[in-house]
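Notes to accompany the following structure.
There are 2 protein chains.
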Amino acid sequence: MTLKKAPSKARTQQRFPFESLQLDATTQSPLYRQLEEQLRQAIWQGVLKADEPLPSSRNLAGLLNIARNTVIRAYEQLAVEGFIRAKPGAGHRVAEGLPDRVPRTPSARRATATDLRPQLSRRINTLRQVGGLIGPQRHNPAPLPFRAHIPDYQEFPTNIWRQLYNRRLKHSSRFWQLAVHPCGYWPLRQAVADYLVTARGMSVVPEQVVITAGVQQGFELLTKIFIDPGDGVIFEDPAYTPAATVFAMAGAKASYVGIDDEGLAVDALPAGGAKLLYTTPASHFPLGVSQSQARRKALLAWSAKTSTTILEDDYNGEYRYRGRPLTTLYSMASAGQVIYMGSFSKLLFPALRLAYMVVPESLIAPIASARWLLDRHSPPLEQAVLTDFINGGHFLRHLRRMRALYAQRQALCMNSLEHYLGDLIEVEPLDGGLHLIGELRTGIDRDAVFSAAEDANVELSPVAQFAHQADAKTQRQLIIGYAAYREAAMAGAAQNLAKSFARLSREKKTQKRTQ
Amino acid sequence: MTLKKAPSKARTQQRFPFESLQLDATTQSPLYRQLEEQLRQAIWQGVLKADEPLPSSRNLAGLLNIARNTVIRAYEQLAVEGFIRAKPGAGHRVAEGLPDRVPRTPSARRATATDLRPQLSRRINTLRQVGGLIGPQRHNPAPLPFRAHIPDYQEFPTNIWRQLYNRRLKHSSRFWQLAVHPCGYWPLRQAVADYLVTARGMSVVPEQVVITAGVQQGFELLTKIFIDPGDGVIFEDPAYTPAATVFAMAGAKASYVGIDDEGLAVDALPAGGAKLLYTTPASHFPLGVSQSQARRKALLAWSAKTSTTILEDDYNGEYRYRGRPLTTLYSMASAGQVIYMGSFSKLLFPALRLAYMVVPESLIAPIASARWLLDRHSPPLEQAVLTDFINGGHFLRHLRRMRALYAQRQALCMNSLEHYLGDLIEVEPLDGGLHLIGELRTGIDRDAVFSAAEDANVELSPVAQFAHQADAKTQRQLIIGYAAYREAAMAGAAQNLAKSFARLSREKKTQKRTQ
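One line per chain: the protein sequences are A and B, in this order.
Position 214 (the first sequence) corresponds to 1384 in the numbering used here; numbering is contiguous.
Position 203 (the second sequence) corresponds to 1373 in the numbering used here; numbering is contiguous.
Have a look at this one:
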């Protein structure tokens, strides 16, 4: 007796057309992956129904003209995922309890995609205020004159940097693969404390040093440990806006106090104090004013009276072209009154996300917890390389070289500006920093200058972008970076800007005349 | 006529004893720095009074037996800082308008230091709940069996890593010195998208990929863009506590839904939904359960109905020892319904702070702003090296090797546990992950086991530490990591733990008997 196979139930119904599965051997995705994906989709969409039998691996391989192993791999994966079920001796079937609706196909999905934007937080509007700072660009273009806040990274000794990486990766233990303390690699904390003691005359022990991924992250950490919604924070006006935004995102109430020739207008500080006051005493951001001794003294007295903790951002503190860096507020204060912040990115290269804070030891534990929760720690390998760079003397050597170079560039920049743009912009030399502040001369139209800058591909930025309340003087002030540019580049930019300005003015006049 | 110098006014008063200044040539601090520091302090403390004349540089050099240049340098700096004033032809005098009070001396300062702890935010108490995770240690010790969540970093090919660093630092442009897009180095975003498409079957374009400094930072970024105080976020119970803490720090209202053999108990989800739901479907943290297809389907339906955005943390998604990785929730969802998170630190080495999220393109701009404000971007050099590691095929090769190794180690760990600790702990194999879940047998005292572990220097951690409400079963569950340890280390640890447990039990019995 010969057993004749009964036609399968599936075959009599509308059977899934396995033979029409399209596999493409020329794409990057392997065949088993394509097969699996198509079967999964068919099951998910309900085209292959629950309990429907699948062809044997041999049959399906024959139908599609592929290797049997390809089918076996696909079936195995679908089985593991629970889409299909292997019955011993009876081949595979679609699992039960699976989709009974037809979900959207990938192309339909795009059309009906959930728009998450209405879900966004209200506080993100605060963030959007600085959103203009984020370009959509995928690659960051090299800076052009007179973009500010950028050191001359081309002068950085990359060869030494490479040797230090090489040495750490070749000879040292695998310490850099394991987590370090959230407050930083201990030898780096020691090196930073040494630097602050010997070069800045500060009284600091390594236990007080917190390594952060840039000064910006320092603001975030301080926000986390100090600020509840509604707490007050005082900023200079103008001030480094991204600092204020970090605190605003946490619900802090910002207030602003003006700047004059001696720095922060301490007399205008609120009698009641605040949780924190953020200041840039060495070289005000962005105006470059150094806080006078009298002001510092008054500020510290006010801080003590009102129990306001001071955040001293030693912005450009290392870049003084007369004498050595100024004494820090931290050094004049009583312990715990001032939190000090410094950075390596303006000293070495902009993308180096390593900075530090000096805090009372009692804050180390909460800051460590906050950092651990934020992103654990900065990369140990990069921290070790920076440690070697400092301890090998490269750091101070580079700093000395750069100080001389930037002092010279400031003078060259002044020359170019006076020579080509003297009729438009007035510039005074500054004692330090990486940029000059220019002021548009009376009668010169601000918009016309910015149009000309755009036309000439010259980067100028207005001080007003950092102002809470920009008065008429602030409206006329420009930030003119010089540190990253050679003489020819600066002279060329100044000349081009002057030409563009003249041409645009002529065109405007002609336009008026012809109207 | 000979002019006889009149005795200076200062000399007739109680004159400052310049001759008694103590300079020490044997310390690290240069002499001019020491001199300047002591004079500054004398002025600051009011010992040197306003308008008091200073000796000429020649005289002071003679008095102290130091080079005249040393004095000149110190005077110059003090003049720049405004502490003293040079009168043309009349030497230097202490500036006016300076301290009229005597500030505390450094040693007194320490005693009267401001204690900042009362100033801390209320929300820091939330942070303190995970504070126990931060050891005070300066160096991180190598992990011991059975510490979990750590891959075997010793298997990582550091030689290749070094060559890639070398190549980038030697041959490439200086791109790594300049800022990259906050969402990541574009070629890395492409490499991650490629990996997700080919190895995980996900439909992802590079524009959707966000590089973060670890999954942990991803939580922070999502918190910033989604959460206002009071917004609801749903977590699994138990769940990865540090994720919940990030959201709690931002004022989110957490709720918890239990886990069973099929994963998240979808039936218990609130009908009203929430802003976000955080889940680990591939391998539940820490229980290792894979979410069933039926559950996933139900979860997505609930999410669509309630407009709750799902955060899919593909925790241990790559470590499946049967078949390939499971299909992701992301792949089953409609676009914008699921935000997908993956990490490199559990695949390569723990200190590698690079992870990624896949988000709808509409979220890229707000996330870029949030990241820019948080810490700008991850180090471009490290991102470039990881890109080369992936594109050179090293990543997938390493992953394949590790998958085989860990599958073997899970079996070896099971053996050791059964052989030495079978009477105490019951363990079931898991389909994936880097750890096993052990359950204490009935009658075995939990505290006794932990005491024995401490005694034997064996690391065991309780599942309960991650539980919101730990039931009796959870109280008996242990997390037993095996991935980072060789067979001998695991067998030794299990044996030592068994011995310690036996010894401590004997001692306890003896104690009871003698009481």
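Yeah, the Cβ is synthetic: ideal placement off N, Cα and C, and Gly gets one too.
None of the values given here were measured: they were computed from a predicted structure.
For the 9 Å CB-CB criterion, A/Ala1521 and B/Leu1334 do not form a contact. In chain order, Leu1248, Phe1253 place their CB closer than 7 Å to the CB of A/Arg1210, counting only its own chain and leaving out the 5 sequence neighbours on each side.
A Cβ-Cβ separation of about 5 Å places A/Tyr1448 in contact with A/Phe1405 under the 8 Å criterion.
Straight-line measurement puts the Cα of B/Asp1430 at about 26 Å from the Cα of A/Lys1257. For B/His1262, no alpha helix (DSSP H) segment is defined; the enclosing uninterrupted segment is the beta strand (DSSP E) at 1262-1264. Taking a Cβ-Cβ threshold of 9 Å, the residues of chain A close to B/Ala1521 are Phe1345, Trp1346, Gln1347, Leu1348, Ala1349, Val1350, Arg1546, His1547, Pro1549, Pro1550, Leu1551, in chain order.
In this structure, B/Val1264 and B/Ala1231 do not form a Cβ contact; the two beta carbons are roughly 19 Å apart against a cut-off of 8 Å.
Three or more Cβ pairs closer than 8 Å define a contact, and the segment 1398-1414 of chain B falls short of that threshold against the segment 1562-1576 of chain A. Counting other Cβ atoms within 10 Å of its Cβ, B/His1605 reaches 16 or more and is therefore classed as buried. At least one CB atom of chain A sits nearer than 9 Å to the CB of B/Ser1532. Contact fails between the segment 1341-1359 of chain A and the segment 1483-1502 of chain A, because fewer than three Cβ pairs, one in each stretch, are under 8 Å apart.
For B/Ile1397, the C-beta contacts it makes with chain A under 7 Å involve Ser1291, in order along the chain. DSSP, read as helix, strand or coil, puts B/Asp1625 in helix. When C-alpha distances from B/Glu1390 are compared across B/Ala1363, B/Ala1422, B/Lys1678, the shortest belongs to B/Ala1422. For the segment 1452-1486 of chain A, the set of residues with a beta-carbon nearer than 7 Å to any beta-carbon of chain B comprises Ser1462, Gln1463, Ala1464, Lys1467, Thr1479, in chain order. Within chain A, not a single residue places a beta-carbon under 7 Å from that of B/Val1241; the smallest gap is close to 14 Å. With a beta-carbon spacing of about 11 Å, A/Phe1188 and A/Pro1223 fall beyond the 8 Å limit used to define contacts. DSSP, reduced to helix, strand and coil, places A/Lys1219 outside both helices and strands of the structure shown, so it counts as coil.
Straight-line measurement puts the Cα of B/Glu1598 at about 11 Å from the Cα of B/Ile1650. If you draw a straight line from the Cα of A/Ala1654 to the Cα of B/Pro1352, it comes to about 22 Å. Judged by beta-carbon spacing, B/Val1403 lies beyond the 9 Å limit of B/Val1379, meaning their Cβ atoms are not closer than that value. Proximity of chain B to A/Asp1285 at the Cβ level (cut-off 7 Å) is accounted for by Gly1506, Ser1532, in chain order. Contacts with chain B at 9 Å (Cβ-Cβ) do not include A/Gly1428. Proximity of chain B to A/Tyr1323 at the Cβ level (cut-off 8 Å) is accounted for by Arg1344, Gln1347, Leu1348, in chain order. Under the 10 Å beta carbon count, A/Thr1450 is surrounded by 16 or more other beta carbons and is classified as buried. Taken in chain order, the unbroken stretches of alpha helix (DSSP H) that lie wholly in the segment 1378-1419 of chain B and span 4 residues or more are 1385-1396, 1411-1419. With a minimum length of 4 residues, the unbroken runs of alpha helix (DSSP H) contained wholly in the segment 1457-1527 of chain A fall at 1463-1476, 1499-1502. Put simply, the segment 1531-1543 of chain A does not touch the segment 1527-1546 of chain B. Fewer than three CB pairs are less than 8 Å apart. The DSSP assignment places complete beta strand (DSSP E) segments of no fewer than 3 residues inside the segment 1419-1461 of chain A at 1423-1430, 1446-1449, in order along the chain. Just so you know, the alpha carbons of A/Val1374 and B/Arg1567 end up roughly 47 Å apart. Membership of B/Val1362 in any beta strand (DSSP E) is not indicated; the residue belongs instead to the alpha helix (DSSP H) covering 1356-1370.
Remark: C-beta atoms of B/Arg1523 and B/Gly1384 approach each other more closely than 9 Å. A/Arg1338 and A/Trp1346 do touch by the CB rule: their CB atoms are close to 7 Å apart, below 8 Å. The alpha-carbon of A/Arg1541 is positioned some 7 Å away from that of A/His1547. Residue pairing for A/Leu1205: DSSP places it in no beta bridge.
Interface criterion met: the Cβ of A/Pro1536 is under 9 Å from a Cβ in chain B.
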